[in-house]
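Okay, so here's the structure we're looking at.
2 protein chains.
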Amino acid sequence: MSESFVALADQVADRIRNLLIFGELKPGERLSEVSLAQAMGVSRNTLREAFRSLTKDGLLVHKTNRGVFVATPSMGAIIDIYHIRRIIECQALRLAHGHHPAVMRMADAVASAHEAHGREAWRAVGSSNMDFHAAIVDLADSPKLTAFYGNLAAELRLAFELLNAPRWLHEPYIAMNGELLAKVQAGEVEAAAAQLERYLSQSERAVLAAFSGRDAG
Amino acid sequence: MSESFVALADQVADRIRNLLIFGELKPGERLSEVSLAQAMGVSRNTLREAFRSLTKDGLLVHKTNRGVFVATPSMGAIIDIYHIRRIIECQALRLAHGHHPAVMRMADAVASAHEAHGREAWRAVGSSNMDFHAAIVDLADSPKLTAFYGNLAAELRLAFELLNAPRWLHEPYIAMNGELLAKVQAGEVEAAAAQLERYLSQSERAVLAAFSGRDAG
DNA sequence: GCATATTTGTCCGTATGTATA
DNA sequence: CTATACATACGGACAAATATG
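These protein sequence lines map, in sequence, to chains A and B.
Taken in order, the first sequence gives residues 27 to 243; the numbers are from my numbering.
Taken in order, the second sequence gives residues 27 to 243; the numbers are from my numbering.
Now the structure itself:
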């Protein structure tokens, strides 16, 4: 349990990451060194180390002599993320065999998305959908790719938070995830990859549309 | 020129990165906070921030209460890296069109590899080869993917350094890079992708063979 | 455009815990 | 087992840059 003791700065980074994921820190918001350090009960130096970690992950942006801010995903960043997702996720599907342990995690994600849909818990639907795609990436059996994808997903989460339309963003994909899962379980990986390609393009268009339609000023 | 002023910790991280790339810091070596901070003329706090950056990149590993060490790529890590390279580079090739600006960088890399080969400068051959593959990734026009690939390449460089057989590791691929370039320029992207797939598998086997054959104790 | 307050960037001293000889 | 060396973390200090009135 106390096996891998993580450094304090890493704990702080994790706490901030959670604040970001749960939307308690809004994109664009400035994070004061002194205030946050005091609020979290750590020194400024420790907090700065945590900042550096999160900046590397693209969750915070660092402006010299001005401080760190919660990253505000740009349209270009979103296009980039979906572009990479098409490359990585579709290829991971092609390499998949139906009895890979990650397939069970895909099934679990579909189930919990359905359950959350019944409760009209749209943000929970979104989380399940993201679990589904993380499981797809895990089909590739690559720790480094999994970690990289985790960063992309976290940044995409910020964009979803910014758009603040969880039902519109997540509901349409519950059924599609189910179809995708069925194809993978049936071993029709090429068909699954082709469908995911269209799927991701549709999702990208929806996000970008919502993005350009937001407070246009 | 002084447009983007980088923070001191970033400058320090870059300097350490260069020491790693040029093999002046060997894999497994420990980096003392006090010594290095003094040697580089910065405070320990600043150095620790740099350490955190490089640890995120996988170039250094952090052992709690023991300090930071130059990463020693494991066999598993190398397999992972080649696995990801096949996914990313081959797909980037498939998406390429022959007049993409990155194609010129591929050609430049082939030319400088030939030039270095004439001088029997094998490490320079290796650098050119890596430039060639970085250019392939740039065919995908994805800043985040380019950055991610840069991390993989830096870690792979550590492995090459560890093996210390630059000619054996790099010479065989000069010609292959030329063939690959020709196919891309001719628009035969699918053939190029197939060839790169075999190419990378061969390279992986060579690296792993050298890896298991090194000081087996 | 100027003076002032705030905040970051960086460094130092030091206390504490942990690992190793 | 003791001693030493080192990483870890904290708080204070000051200059430089930025924001504010």
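C-beta atoms are modelled at their ideal positions from N, C-alpha and C, and glycine is treated no differently.
On a predicted model such as this, the values are computed, not experimentally measured, just so you know.
inquiry  = Could you check whether the segment 36-45 of chain B touches the segment 158-170 of chain A, counting it as contact only if at least three pairs of C-beta atoms, one from each stretch, sit closer than 8 Å?
reply    = no
query = For the segment 72-110 of chain B, which segments carrying the beta strand (DSSP E) assignment without a break, of at least 3 residues, lie completely within its bounds, in sequence order?
reply = 86-89 and 93-96
inquiry  = In whole angstroms, give me the CA-to-CA distance for residue 86(B) and residue 178(B).
reply    = 13 Å
Alpha carbon of residue 48(A) to alpha carbon of residue 188(A), nearest angstrom = 12 Å
ask   = Out of curiosity, what's the CA-to-CA distance linking residue 193(A) and residue 144(A)?
value = 12 Å
message = Check whether the segment 163-183 of chain B and the segment 218-225 of chain B are in contact - that is, three or more C-beta pairs closer than 8 Å.
response = no
Contacts that residue 168(B) makes with chain A (C-beta to C-beta distance below 7 Å) = 106, 109 and 110
task = May I ask you to report which of helix, strand or coil DSSP gives residue 112(A)?
result = helix
query = Taking the Cβ atom as the reference point for each residue, do residue 204(B) and residue 136(B) lie within a distance shorter than 7 Å?
reply = yes
Per-residue contacts from residue 37(A) into chain B (C-beta, under 7 Å) = Going along chain B, no residue has its Cβ under 7 Å from residue 37(A), so there is no contact; the nearest lies around 12 Å.
Residue 79(A): contacting residues in chain B (beta-carbon distance under 8 Å) = 78 and 82
ask   = Is residue 174(A) close to chain B, meaning its C-beta is less than 7 Å from at least one C-beta of that chain?
value = yes
key: Beta-bridge pairing of residue 56(A) - partner residues as DSSP gives them   = 95(A)
message = Considering Cα atoms alone, identify which of 42(A), 127(A) and 164(A) is closest to residue 59(A).
response = 42(A)
query = From what residue to what residue does the alpha helix (DSSP H) around residue 223(B) run?
reply = 215-238
query = Using a beta-carbon distance below 7 Å, is residue 71(A) in contact with chain B?
reply = yes
query = Grouping DSSP H, G and I as helix and E and B as strand, with all else coil, what is residue 44(B)?
reply = helix
ask   = Is the distance from the Cβ of residue 51(B) to the Cβ of residue 96(B) below 7 Å?
value = yes
query = For the alpha helix (DSSP H) that contains residue 138(A), what are its first and last residues?
reply = 127-144
query = Does residue 117(B) have its Cβ less than 7 Å from a Cβ in chain A?
reply = yes
key: Complete alpha helix (DSSP H) runs within the segment 149-200 of chain B (minimum length 4 residues, chain order)   = 169-189 and 192-196
query = CA-CA distance, residue 231(A) and residue 151(A)?
reply = 19 Å
task = Anything in chain B within Cβ reach of residue 113(A), meaning under 9 Å, just list it in chain order.
result = 113, 114, 117, 118, 121, 166, 168 and 171
request  = Look up residue 51(A) in the DSSP assignment and say whether it is helix, strand or coil.
outcome  = coil
message = List, in chain order, every chain B residue whose beta-carbon is nearer than 7 Å to that of residue 183(A).
response = Those do not exist, as residue 183(A) stays about 15 Å from chain B at its closest Cβ, beyond 7 Å.
query = Whose C-alpha, out of 77(B), 182(B), 55(B) and 79(B), is nearest the C-alpha of residue 234(B)?
reply = 182(B)
key: Rounded straight-line distance, which links the Cα of residue 218(B) to that of residue 121(A)   = 19 Å
query = Around the C-beta of residue 72(A), are 16 or more other C-beta atoms found within 10 angstroms, so that it is buried, or is it exposed?
reply = buried
message = I'd like the list of long-range same chain contacts for residue 184(A), defined as Cβ closer than 8 Å, with 5 residues on each side in sequence excluded.
response = 46, 53, 85, 96, 97, 98 and 99
key: 7 Å Cβ cutoff, residue 55(A) in contact with chain B   = no
query = Any idea if residue 141(B) is buried or exposed, counting beta-carbon neighbours within 10 angstroms, 16 or more meaning buried?
reply = exposed
message = Determine whether the beta carbon atoms of residue 101(A) and residue 186(A) lie at a separation below 7 Å.
response = no
ask   = Hey, how far is the Cα of residue 220(B) from the Cα of residue 108(B)?
value = 15 Å
ask   = For chain A, is any of its Cβ atoms less than 7 Å away from the one on residue 141(B)?
value = no
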